[in-house]
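Numbering (UniProt numbering), first residue to last: 1 to 595. Even glycine gets a Cβ: it sits at the ideal position worked out from N, Cα and C.
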Ligand SMILES: *[C@@H]1O[C@H](CO)[C@@H](O)[C@H](O)[C@H]1NC(C)=O
Ligand SMILES: *[C@@H]1O[C@H](CO)[C@@H](O)[C@H](O)[C@H]1NC(C)=O
Ligand SMILES: *[C@@H]1O[C@H](CO)[C@@H](O)[C@H](O)[C@H]1NC(C)=O
Ligand SMILES: [Zn+2]
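Spelled out as structure tokens, the structure:
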């Protein structure tokens, strides 16, 4: 999963200030916010009606003609049944037994370890494919897959999209069934060479220490890729032939924004299959972990938007012995302080994935404090209770930042010499946009905050090259505002669908089978990964996009990860479970006639 750090913008190359300042009008090439955001929400609402009516107080007239409201329990976080393959039950059991052997464990370790050993770093300044030689290590990875997964490479059709993107088609026997799409990426974030000595094992060693496979990409996302292709290899070895077509798309520059990989892959699939042509899409994202004493899996059904605000100030230069009252740097500072003093208002809104997840915690969290539990439950129809939930949870600024639109002043530049007035200064503010907001609303928020200051400081203020304000009196400088990146929040994946049920049931079946358990041992609730995935290019291919890799994320006290940092590792136990998950998902999806 890509996270954006202070020193990197994504994904539009060359959009850094100040080169690109005067470009672009309003972001009109984006699809209308209404089309993007409202449609999926409307669909989700329409579809959820049956659930919603369950939730809201059912009022019934008793025999004595008094109105009594019934308690609303157990439906605020509806749970699917455990779903094991039926038609292919024997095959599924046989695969499961095979996967429990030590021989298979050794194979799986080798699969991931070998994948980690091929360096496939993505840099921010990579040139076009075909020109920049630093892409070429991707070919070694292709070769590795061909050698390691021979059955996949003989039974599936493979196309290379934009040289390095891998598009496999596993043709099903019934062409009238919508195909399912399994995604992953095989590039990794670079290892910071200053941190090499802090790694327990060298980052490209793929070292197995008896429990963990170590190295960059072992978690993000080579484990997802190897589990996907490994599951298919295993199914082929057991002679499985799908009824439904499965398409597998592996990107090669997710960590740089996916423009060369996922975007091209998505275009190719859109050309071939058309809009809404996939039954569902699954890509990297949430896993399961222990929360409030209960194991809960959180497939991502939403993703925040993102936007960089580029703020550029020009003011007359001159000798610093006779300065004006404010230099360009001083004014820029005032603008940034204005932003930080007016953060976006944050509310937990009913109907969002975060709200629905809270309901799951309230419903199923064994150790959730009772005040919080009651407030969450009551908030379904009490604004006061919802306020109380916010009061409790927003004490944690990290949680608050997950919910709302955020702002982070990440880059600032200005000035060249201690005795010269700075002729220009500029800054980049990175916003992550709440699922209930939009690029436009975020842009407007910033502009509304800057306009009064432009007036106060006597600046000409232009927005996307259009002049918004010109001072009557002497002009003290120029303020230019543009945005880049401009990614709307993702459409919300409906959770009242057969696809979500299938995924939930598969998660439960996998969890049980891996531990030889029966019954309900894991809760599934809607999640939202903090970063953006390659799925941002796939919105038009399916309404049912899940960001989920069935990996064990540990517990809130003891998170397991290392993704994007030192000591990235993945346990062999998690790897085996993730392979089992994809085996089960493929078989279940193949059997379903509900989509
Ligand atoms: C964004 O706002 C501008 C200016 O108000 C408007 O012209 C444009 O249509 C809006 N775009 C979307 C996607 O709503
Ligand atoms: C193929 O799938 C469609 C849609 O579910 C179904 O109606 C049809 O009977 C299937 N065809 C065969 C040969 O199974
Ligand atoms: C990485 O793991 C090694 C061995 O467990 C440990 O000594 C080191 O401190 C870890 N590095 C970081 C940055 O956590
Ligand atoms: Zn990733």
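How many angstroms separate the CA atom of residue 186 from the CA atom of residue 569?
-> Take the alpha-carbon of residue 186 and the one of residue 569: they are about 15 Å apart.
Between the segment 246-256 and the segment 158-173, do three or more beta carbon pairs fall short of 8 Å?
-> Short answer: they touch.
Measure the Cβ-Cβ separation of residue 155 and residue 579 and say whether it is below 8 Å.
-> Taking 8 Å as the Cβ cut-off, residue 155 and residue 579 do not qualify as a contacting pair.
Residue 408 - partner residues in DSSP beta bridges = Its beta-bridge partners are 430.
CA-CA distance, residue 332 and residue 537?
-> Whole-angstrom Cα-Cα distance: 35 Å.
Entirely within the segment 157-230 and at least 3 residues each: give me those beta strand (DSSP E) ranges in chain order.
-> DSSP runs (the beta strand (DSSP E)) wholly in the segment 157-230: 157-161, 165-170, 180-185, 212-214.
Can you tell me which of the three DSSP states residue 524 falls into?
-> Residue state, collapsed to three classes: strand.
Are there 16 or more other CB atoms within 10 angstroms of the CB of residue 509, so buried, or fewer, so exposed?
-> By the neighbour-count rule (16 or more Cβ atoms within 10 Å), residue 509 is buried.
Span separating the alpha-carbon of residue 330 from that of residue 566 = Roughly 38 Å between the two C-alpha positions.
With DSSP collapsed to three states, give me the class of residue 591.
-> Here residue 591 sits in helix by DSSP.
Would you check if the distance between the CB atom of residue 403 and the CB atom of residue 489 is smaller than 8 Å?
-> No, the Cβ-Cβ distance between residue 403 and residue 489 is not below 8 Å.
Starting from residue 297, trace the beta strand (DSSP E) both ways and give me its first and last residue.
-> If you look at residue 297, you'll find it in the beta strand (DSSP E) that goes 294-297.
Where does residue 375 sit, in a helix, a strand or coil, going by DSSP?
-> In the three-state DSSP reduction, residue 375 falls in the helix class (H, G or I).
For residue 162 and residue 129, the rounded distance between their alpha carbons = The C-alpha of residue 129 lies about 7 Å from the C-alpha of residue 162.
CA-to-CA distance, residue 256 to residue 26, given in whole angstroms = Low per-residue confidence applies at residue 26: pLDDT is 26, beneath 50, and the placement is therefore not dependable enough to give any value.
Segments of 3+ residues assigned as beta strand (DSSP E) that fall wholly inside the segment 428-466 = The segment 428-466 contains these whole beta strand (DSSP E) runs: 459-463.
Range covered by the beta strand (DSSP E) that runs through residue 290 = In this chain, the beta strand (DSSP E) harbouring residue 290 covers 281-291.
Length-filtered (3 minimum) beta strand (DSSP E) runs lying within the segment 484-519 | The segment 484-519 contains no whole beta strand (DSSP E) run of 3 or more residues.
Quick one: what does DSSP say residue 425 is sitting in, helix, strand or coil?
-> Strand at residue 425.
Minimum C-alpha distance to residue 191 - residue among 181, 205, 182 | Ranking 181, 205, 182 by Cα distance to residue 191 puts 205 first.
Could you spell out where the alpha helix (DSSP H) holding residue 99 opens and where it closes?
-> Looking at the DSSP string, the run of the alpha helix (DSSP H) that includes residue 99 is 89-99.
Beta carbon of residue 119: closer than 7 Å to some heavy atom of ligand 4?
-> Residue 119 Cβ: outside cutoff for every heavy atom of ligand 4.
To the nearest angstrom, how far is it from the Cα of residue 423 to the Cα of residue 311?
-> In this structure, the CA atom of residue 423 is about 14 Å from the CA atom of residue 311.
Decide if residue 79 is buried, meaning its Cβ has at least 16 other Cβ atoms within 10 Å, or exposed.
-> Buried, by the Cβ-count rule.
Identify whether residue 149 lies in helix, strand or coil by the three-state DSSP scheme.
-> Here residue 149 carries a coil assignment [DSSP, helix/strand/coil].
So residue 138 and residue 126 are in contact, right, with Cβ under 8 Å, and what is the actual spacing, rounded?
-> About 11 Å separates the Cβ atoms of residue 138 and residue 126, ruling out a contact at the 8 Å cut-off.
Would you list the residues whose beta-carbon is nearer than 5 Å to any heavy atom of ligand 3, in the order they occur in the chain?
-> Applying a distance threshold of 5 Å between residue Cβ atoms and the heavy atoms of ligand 3 selects 198, 200, 566, 567, given in chain order.
According to DSSP, is residue 248 helix, strand or coil?
-> Three-state DSSP puts residue 248 in a strand.
Distance, residue 345 Cα to residue 392 Cα | A straight line joining the alpha-carbon of residue 392 with that of residue 345 spans about 16 Å.
For ligand 2, residues whose Cβ lies under 6 Å from any non-hydrogen atom | Matched residues: 174, 176, 177, 593.
Is the CB-CB distance between residue 116 and residue 229 below 8 Å?
-> No, they are not a contact pair.
Just the C-alpha distance for residue 479 and residue 120, rounded to the nearest angstrom, thanks.
-> Answer to the nearest angstrom: the Cα atoms are 41 Å apart.
Check whether the segment 277-294 touches the segment 533-548, counting contact only when three or more Cβ pairs, one atom from each stretch, lie closer than 8 Å.
-> The segment 277-294 makes contact with the segment 533-548: 3 or more CB pairs, one atom from each, lie closer than 8 Å.
Is residue 320 near residue 386, with beta carbons less than 8 Å apart?
-> No; because the gap between Cβ atoms is not below 8 Å, this pair is not in contact.
Based on the DSSP output, what are the partners of residue 307 in its beta bridges?
-> Within the DSSP secondary-structure output, residue 307 pairs in a beta bridge with 431.
Just the C-alpha distance for residue 595 and residue 406, rounded to the nearest angstrom, thanks.
-> Straight-line spacing of the CA atoms in residue 595 and residue 406 works out to 37 Å.
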